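Numbering (the numbering used here), first residue to last: 42 to 600.
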């Protein structure tokens, strides 16, 4: 039999140590082990792993030392054996090697079944945070399913792959252990603050916004850049990476949709490595027909990537219901202008003879008519060479446009009169955004306008301002799920200051510790501390400072 430890497998691959204490003829643990193996879980089971001729106690200790966690099966036999080995293994795992333990009670155990010498140990089991208990009898598959879900959630580097849907359900269960509380308020007139800043796990904060009855017009998602390495094909690491990404996006987009208004949108920025995954997840939740826009975000500086030419990211905008989303059209029309376009056609008059008619213009260009009047100049559609041509519109339509002021005349330096129709020119949303001010490096430039300390993380306010201007209702709420320095708050406040809007912001941020050696870390400690001060300073420069006040809330796990 191959020695798992001598071969090095136990040190290179993650595995789970199987601890048990059952009667000799009890084959239930065997059934569980086979089920684990069929699910792809790597296990250390003494029946297979103990080498012949070596000390089994040393091998078991080594097995526990190198394992990812311990799965322990408990039956009534534990309490009648004179040498309960699982107790020793449990203590070794929890006290010496600090391992998580997943306990499966295969029998119903009453307090009366527990002897006095093990009573204290049995009580302690139920109180340790690193111990997870399961009580199943016969349904091996159901129990293994539950265990593997918990293993996958508890493991830092996952060894079990769940579907995004399973991850989402597990996440909702975990949220029952979180609470959201008001910490303090900041800004002018903070008692009436209409903006919110939530410290804590960002996705947890997103979950609780629904309980606050917050309905967002826009939710901004910027997945962590550490997802941005090229996926390693069908290797275990590559599959885990894809799974982490899918689960992250699925959970956040799903929660975002729950708090969207009926005319709201989810906005994501992703790079080329997971554009396809982002679209797949969004379309499964938001529906592919609700894609509002996919824009390019071009950078001079290279985005986190090992792929040549990886200078582009993509902005994905999905509406909760596309037919209800009118902001983009409103933005286009708000920026529309009327530009003069020549009323004369390029062809000769023979091609459209009925459209060659005179338009009468006063010398001061203020009055136009299709009927002659005193002092009027008769103007025909005539080329530079004096050749008569035709107008682009019928006399009936021109008469209406004259009445509405959309037909105007101009006079050239040589005294010739020209006729123009004023046509609307709509503001355009560029398909590729490439301003230098949209690049990451400008975040620190913006911050240093108000703060002595530098912070390089997060998107610049210039980019967020453009996104909110185009896709956020002027009276709407923007939620930034990973707000970092608070650029989104600055963008909202500056837009309101410019156009008098009543936009509000909700920022979510994990209180990540700053580098203690940096100036920012020495003074503020966490990203949240820094961002709150930055937002407060930005607000102090706004005309309507009461719009800038914000309430700080903390989202914490209670047990």
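Even glycine gets a Cβ: it sits at the ideal position worked out from N, Cα and C.
This one's a predicted model, so the numbers in the text were calculated from it and none came from an experiment.
Contact set for residue i: own chain, Cβ-Cβ below 8 Å, skip 5 residues either direction
i, result
"residue 574", "492 and 565"
"residue 472", "336 and 337"
"residue 562", "554, 555 and 556"
"residue 404", "416 and 418"
"residue 275", "Summary for residue 275: the model assigns pLDDT 39, below 50, so the residue's position carries little reliability; its value from the coordinates is reported in the next sentence. Once the five neighbours on either side are set aside, residue 275 has no close Cβ partner at all."
"residue 511", "368, 369, 372 and 470"
"residue 326", "291, 294, 295 and 298"
"residue 448", "384, 400, 409, 439, 442, 460, 461, 462 and 463"
"residue 487", "501, 502, 503, 528 and 531"
Nonlocal neighbours in the same chain, by C-beta distance under 6 Å from residue i, ignoring five residues either side
i, result
"residue 338", "354, 356 and 474"
"residue 500", "528"
"residue 504", "479"
"residue 459", "451"
"residue 240", "552, 569 and 595"
"residue 236", "545, 546 and 591"
"residue 431", "386, 390, 393, 396, 397 and 422"
Cα-Cα separation, residue i to residue j
i, j, result
"residue 288", "residue 495", "33 Å"
"residue 130", "residue 105", "8 Å"
"residue 539", "residue 506", "11 Å"
"residue 544", "residue 58", "54 Å"
"residue 157", "residue 598", "35 Å"
"residue 301", "residue 258", "6 Å"
"residue 80", "residue 190", "12 Å"
"residue 582", "residue 261", "25 Å"
"residue 347", "residue 244", "Unreliable positioning characterises residue 347 in this predicted model, as indicated by a pLDDT of 43, which lies under 50. The coordinate reading is nonetheless provided below. Rounded to the nearest angstrom, the two C-alpha atoms are 28 Å apart."
"residue 394", "residue 461", "19 Å"
"residue 185", "residue 216", "22 Å"
"residue 402", "residue 378", "24 Å"
"residue 522", "residue 329", "23 Å"
"residue 204", "residue 84", "22 Å"
"residue 206", "residue 229", "43 Å"
"residue 550", "residue 210", "22 Å"
"residue 322", "residue 311", "13 Å"
"residue 434", "residue 453", "22 Å"
"residue 526", "residue 536", "18 Å"
"residue 127", "residue 78", "22 Å"
Minimum C-alpha distance to residue i - residue among the options
i, options, result
"residue 595", "584, 552, 285 and 579", "552"
"residue 116", "109, 145, 99 and 102", "145"
"residue 470", "246, 215 and 375", "375"
"residue 166", "142, 182 and 149", "142"
"residue 465", "381, 395 and 214", "381"
"residue 592", "514, 87 and 226", "226"
"residue 72", "108, 446 and 114", "114"
"residue 82", "91, 309 and 111", "111"
"residue 515", "525, 522, 532 and 98", "532"
"residue 358", "455, 477, 525 and 513", "513"
"residue 162", "221, 147, 136 and 290", "136"
"residue 547", "530, 534 and 541", "530"
"residue 502", "323, 453 and 579", "579"
"residue 517", "284, 256 and 442", "256"
"residue 13", "108, 101 and 182", "Because residue 13 is not part of the residues shown, which for the chain are 42 to 600, the question remains open."
"residue 411", "56, 138 and 444", "444"
For residue i, three-class secondary structure by DSSP
i, result
"residue 518", "strand"
"residue 240", "strand"
"residue 150", "coil"
"residue 562", "helix"
"residue 305", "strand"
"residue 423", "strand"
"residue 290", "helix"
"residue 407", "coil"
"residue 523", "coil"
"residue 161", "helix"
"residue 594", "strand"
"residue 69", "helix"
"residue 583", "coil"
"residue 572", "helix"
"residue 26", "Because the chain is modelled from 42 through 600, residue 26 falls outside the range shown and cannot be assessed."
"residue 255", "coil"
"residue 129", "helix"
"residue 430", "strand"
"residue 86", "coil"
"residue 603", "Within the shown structure, residues of the chain are numbered from 42 to 600, placing residue 603 beyond reach of any answer."
"residue 191", "helix"
"residue 138", "coil"
"residue 235", "coil"
Neighbourhood of residue i by C-beta, 7 Å cutoff - its chain only, sequence neighbours within 5 removed
i, result
"residue 366", "304, 306, 333 and 360"
Cutoff 9 Å: residue i Cβ touching any chain B Cβ
i, result
"residue 260", "No chain B appears in the structure shown, which is made up of a single protein chain."
Item checked: Start-end ranges of the beta strand (DSSP E) lying completely within the segment 309-378, minimum 3 residues -> With a minimum length of 3 residues, the continuous beta strand (DSSP E) runs that stay inside the segment 309-378 are 332-339 and 353-360.
Checklist line | Ranges of the beta strand (DSSP E) found wholly within the segment 466-544, counting only runs of at least 3 | finding: Secondary structure within the segment 466-544: the beta strand (DSSP E) runs of 3 or more consecutive residues, fully enclosed, are 518-521 (chain order).
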